[in-house]
Amino acid sequence: MAARGKLWGLFLQLTAVLSAVPGEQGLDLRCLQACNFKFCLQGDCVSTRSKLKAIDGGWGPWSKYGACSRTCGGGVKYARRQCNNPSPQNGGKFCLGRRMKFRSCNTKECPPGSKDFREEQCAKFNGQHFNINGLPPYVRWVPKYAGVLMKDRCKLFCRVATGTAYYRLKNKVIDGTPCGPDTNDICVQGMCRRAGCDRVLNSKARRDKCGVCGGDNSSCKTVAGTFNLIQYGYNDVATIPRGATNIDIRQHGYYGRVDDDNYLALRRSNGEYILNGNFVVSMFKREIRVAGPAVLEYSGSDNAIERVNGTKRIEEDIVVMVLSVGKLYPPDIRYSYSFPVEKPQFRWDPNGPWGECSKVCQGQKKKKVQCVREDDGHVVSDQRCHHLNKPGTVTSTCNLDCEIMWVIAQTSECSVRCGTGTVSRVIQCVKNPLSSQPIVVDDKYCEDQRPSEVERCSGECLPTHWEFTPWSECTRTCGGGSRFRDASCLDSGGNPVSHDECDASSRIVDQVCNDRACPQWVVNDWTGCSVTCGDGVRHRQAFCHNGVQEVELSDCETDSRPEMKQPCNLGECPTWHYGSWGQCTVTCGRGYRLRAVVCRTPKGEELEDSECDAAARHIDVEDCEFAPCLELLPTTPPPPVWVRTEWRTGSWTECSVTCGQGLRQRYVSCRDIHGNVADDSACAHIPTPSAQETCLPKSCGGGQWRTGEWNRCPVSCGSGTQTRYVACVFPGQENIADEIDCDPSQRPVSEQACNANPCDVQRYYNPTPSISSNRIPTGLTAKWRTGPWGGCSSTCAGGWKRRAVECQDGNGHPSSNCNDRTRPSEMAPCNAGPCPIWNYGQWGQCSVSCGDGEQTRLVHCQLPNGQILSDHGCEVLDKPPDKQPCRNHPCPRAARWNRGPWSTV
């Protein structure tokens with residue numbers, strides 16, 4: 000009993016709690032008691048859930064769009080709806096479709112000087128170090144772009160402003176944040192969505208090469224140049240002016256070398272370096288912030304082609320430099336950028352292409368008035384001329400060799416045999432009705448009033464008449480066919496009589512029909528071949544045309560339809576060529592070996608790898624294994640899985656001392672083929688580069704200060720100054736050195752005050768300087784040193800090449816003791832052969848037989864011996880056009896047959 004009472008008490012507590020929960024069906028205690036503890040549904044007793052009717056949910060109305068996520072620069076706002084019309088019940092289905100929609104807002108550009116939106120979000124975490132070891136308490140955060148995966152572009156990655164470490168501070172950036180510095184796409188709900196340069200989602204607006212949103216490339220010009228002069232230290236290459244866009248700077252390593260000791264550098268006009276300044280070079284990829292919306296991307300120095308590029312407009316002058324050190328290999332720098340042209344002039348040109356004729360016959364055509372650039376006549380957007388008065392339109396008559404009119408194609412018999420009745424007529428608008436091939440056109444082309452389709456008639460009230468059966472189908476659909484019917488002669492009572500009783504001239508039992516010309520197949524030009532080499536196919540389209548307009552394909556004869564596809568061959572494809580395998584990277588144990596893989600034409604010309612089939616490319620690296628290495632000393636066990644690795648090194652730090660012998664250090668790391676950090680043991684089979692080395696700054700070249708004896712005081716009374724000889728010499732030698740080779744802070748004094756006896760004011764003393772007896776060391780033997788010749792200043796014809804020439808002493812230090820008369824030449828003439836020229840053929844036929852088309856011709860960059868080069872071998876800006884517009888006679892207006900209803904007898 001005690002147990003039963005305890006259970007009943009728990010049941011009462013449970014039901015009391017459940018009854019207090021609003022909206023819970025089947026749980027109300029009073030309902031349960033009233034239903035004898037059956038299932039309750041909205042106050043009604045239900046025996047089982049299986050009898051409940053499922054109600055599917057329906058969407059309610061959309062809410063109004065909410066607040067915009069940004070005040071400028073392109074934000075996002077949302078509208079939402081609920082699945083409550085009705086809400087799903089009793090196992091019904093939930094609503095299908097999107098619950099939320101969004102659109103762009105506040106797309107106007109932010110005011111000049113505004114912070115980058117992602118930079119603002121990072122700055123909100125300034126002073127928060129998140130207990131990360133090594134971060135200062137007043138840490139400043141800036142955006143991180145380079146090195147972030149594509150899928151993570153809409154997460155907030157921020158970098159420590161004073162270092163390279165970066166962290167993810169938020170899982171999602173604010174909606175409307177650009178996905179990156181060089182894209183128009185924006186982040187919405189943590190995903191990168193396509194947007195145009197007008198900051199509108201799903202917009203197709205794009206910037207032209209001048210950086211103008213929706214522009215036509217007419218407001219700028221492309222500037223390009225090269226640089227290959229060699230001189231130790233920093234050398235100016237070019238100045239990219241404020242307002243430039245599409246910046247691309249590349250330094251090609253000497254014969255493809257990564258370590259040719261030439262490095263790109265950038266500095267502002269005030270002398271501040273923003274890339275690779277003060278002889279400190281960055282190995283890794285990074286972003287370079289400049290004035291304006293642009294962010295330049297740097298590839299890092301550890302590349303055979305070192306690159307700086309950016310697409311957006313810069314708002315300050317940037318000086319491009321090259322740092323040349325080491326063996327002084329000549330640099331190979333190529334740069335280009337787009338720059339606004341100086342106030343281009345535009346005008347309206349009334350002599351544009353002719354438009355279509357306004358009528359099929361006896362019509363008028365107009366020339367298009369278009370806006371052109373004044374200097375070269377290039378057609379641009381009409382917006383460029385909107386402020387100018389638009390000239391009148393040039394007009395001309397057209398289609399004068401034809402006429403068009405209403406024609407009565409068919410007439411029925413009179414509706415009565417006796418008295419007044421009506422006849423039905425088929426009226427058609429016909430072009431050239433009196434010609435051998437009249438063409439039925441749309442009624443809109445006939446300007447005169449359309450004749451009536453019904454006309455009065457009078458029956459002849461004859462005692463007999465012909466009665467006809469309906470016309471048969473026409474034997475042809477076009478080109479002239481025949482149709483037939485039978486005739487019976489009847490008297491006034493409708494009884495058949497002999498045919499002789501009726502008028503034989505009115506007995507019409509056959510008739511010409513569908514005498515219009517048959518539509519013909521018309522084809523357009525063949526497309527290009529479907530492949531760039533080898534066997535492919537090309538296509539063209541066929542249209543059914545009645546001479547005026549396109550009609551249904553079924554109106555033309557299927558058997559005579561022209562061929563739509565045919566094979567084509569563009570010559571043998573380039574293929575992969577493989578060199579011999581090189582030596583293995585190890586002499587024992589496991590290593591790898593390499594071979595050259597290049598893409599070549601059948602003639603042996605080398606192409607870019609993208610020109611060959613990537614799927615057919617065989618490997619250029621393979622594993623190699625020898626007998627296990629002998630372990631004479633305990634070594635670190637190899638990693639469980641062997642991977643191909645290499646040592647990577649960073650830039651050297653500055654010397655630890657300013658004078659004498661010091662140390663400098665660099666970062667040394669073992670990396671796998673993907674650039675990821677590996678354990679040092681994975682590189683144990685490769686010699687480890689040194690992480691530190693001794694250094695001797697130029698300002699302290701190892702010399703020592705030597706002094707002579709003090710000279711005798713130059714005065715015999717009063718205060719004077721005596722001197723001594725101070726020189727910098729190398730230890731163990733008597734040869735004099737440059738003072739820069741000794742520590743200037745340790746230089747002994749060469750003058751001091753000297754006091755003799757007080758002077759007698761009645762005597763005058765004329766001081767006579769004495770000559771020191773110190774022996775002055777003679778100079779070190781010096782000679783001229785030269786670097787390798789640089790590239791020729793011209794790729795063809797006559798040019799100049801240069802090399803570095805420097806006077807150095809026996810220790811390799813700069814000296815001024817060389818004989819100028821024996822100085823080697825810094826420059827020498829060079830000749831790389833004749834220059835190629837543009838060669839072009841005759842213009843081909845127009846691509847269309849009527850209307851506006853295009854004609855082409857071959858244009859090649861060619862040497863005088865006939866060898867054809869790529870277009871880059873000639874001056875691209877001087878290339879003759881290979882396409883031009885052409886126009887034959889205007890095409891006739893489109894028309895089609897119009898079938899009227901059959902008349903009744």
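The numbers in numbering that gives the first Met the number 0 rise by one with no breaks, and the one at position 561 of the sequence shown is 560.
Using N, Cα and C, we set each Cβ at its ideal position, and we do this for glycine too.
Cys-417 and Ser-457 have their C-alpha atoms roughly 7 angstroms apart. Pairing Ser-411 with Asp-441, the inter-Cα distance amounts to about 23 angstroms. Distance check between Asn-275 and each of Ser-62, Phe-156, Asn-234 places Asn-234 closest, using alpha-carbon atoms only. Secondary structure in the region 66-134: the alpha helix (DSSP H) runs of 4 residues or longer, each lying completely within the stretch, are 116-122 in chain order.
With contacts defined as CB atoms closer than 8 angstroms, Val-138 and Gly-126 qualify as a contacting pair.
Only exposed fits His-576, as fewer than 16 other CB atoms lie within 10 angstroms of its CB.
For Pro-329, no beta strand (DSSP E) encloses it, and the DSSP letter there is neither H nor E. Under the three-state reduction of DSSP, Leu-552 is assigned to helix. DSSP, read as helix, strand or coil, puts Cys-682 in helix. Within a 10 Å sphere around the beta-carbon of Val-75 sit 16 or more other beta-carbons, which makes this residue buried.
Within the same chain, and ignoring the five residues on either side of Val-597 in sequence, the residues whose Cβ sits closer than 6 angstroms to its Cβ are His-576, Glu-605. For Cys-817, the CB contacts under 7 angstroms within the same chain, skipping 5 residues up- and downstream, are Ala-781, Lys-782, Trp-783, Cys-806 in chain order. In this model, Val-187 and Cys-178 are separated by some 10 angstroms (Cα to Cα). In this structure, the CA atom of Gly-65 is about 14 angstroms from the CA atom of Arg-98. Within its own chain, the residues whose Cβ lies closer than 8 angstroms to the Cβ of Cys-532, once the five positions on either side in sequence are excluded, are Leu-569, Gly-570, Glu-571, Cys-572, Pro-573, listed in chain order. Between the alpha carbons of Met-320 and Val-236 lies a gap of roughly 5 angstroms.
One thing to note: Pro-437 has its Cβ within 8 angstroms of the Cβ of Lys-430. Nearest to Leu-662 by alpha-carbon distance, out of Ala-677, His-888, Arg-647, Thr-693, is Thr-693. In this structure, DSSP gives Glu-412 a state outside helix and strand, which the three-state scheme calls coil. Counting only runs of 4+ residues, no alpha helix (DSSP H) is found wholly inside the region 510-585. Shown here for Val-141: same chain residues with a beta carbon closer than 7 angstroms to its own, the five before and five after excluded, namely Glu-118, Cys-121, Cys-157, Arg-158, Ala-160 in chain order.
Using a C-beta cut-off of 8 angstroms, the region 349-356 makes contact with the region 365-377, since at least three inter-stretch Cβ pairs fall below that distance. If the five residues before and after Asn-83 are omitted, its C-beta is found closer than 7 angstroms to the C-beta atoms of Gly-59, all from its own chain and listed in chain order. In the DSSP secondary-structure assignment, Leu-274 is bridged to Leu-265. For Glu-500, no beta strand (DSSP E) run applies, since DSSP gives it neither H nor E. The C-alpha of Met-149 lies about 45 angstroms from the C-alpha of Ala-541. Gly-255 sits in a helix when the DSSP states are folded into three classes. For Ile-836, the uninterrupted beta strand (DSSP E) run begins and ends at 836-839, by DSSP. Assignment of Ser-609 by DSSP, reduced to helix, strand and coil, places it in the helix class. Cβ neighbours of Lys-63 within its own chain (closer than 7 angstroms, five residues either side excluded): Ala-78. When Cβ pairs closer than 8 angstroms are counted between the two stretches, the region 605-625 is seen to touch the region 577-591, the count reaching three or more. Counting C-beta pairs with one atom in each stretch, the region 857-872 and the region 824-839 have three or more that are closer than 8 angstroms, which means they touch. Tyr-254 is classed as exposed because its beta carbon has fewer than 16 other beta carbons within 10 Å across all chains shown. Close CB contacts of Arg-346 within its chain, under the 6 angstroms cut and outside five residues either way in sequence, are with Glu-373 (chain order). Boundaries of the beta strand (DSSP E) around Gly-224: 219-226.
By the C-beta density criterion, Phe-101 is buried, having at least 16 other C-beta atoms within 10 angstroms.
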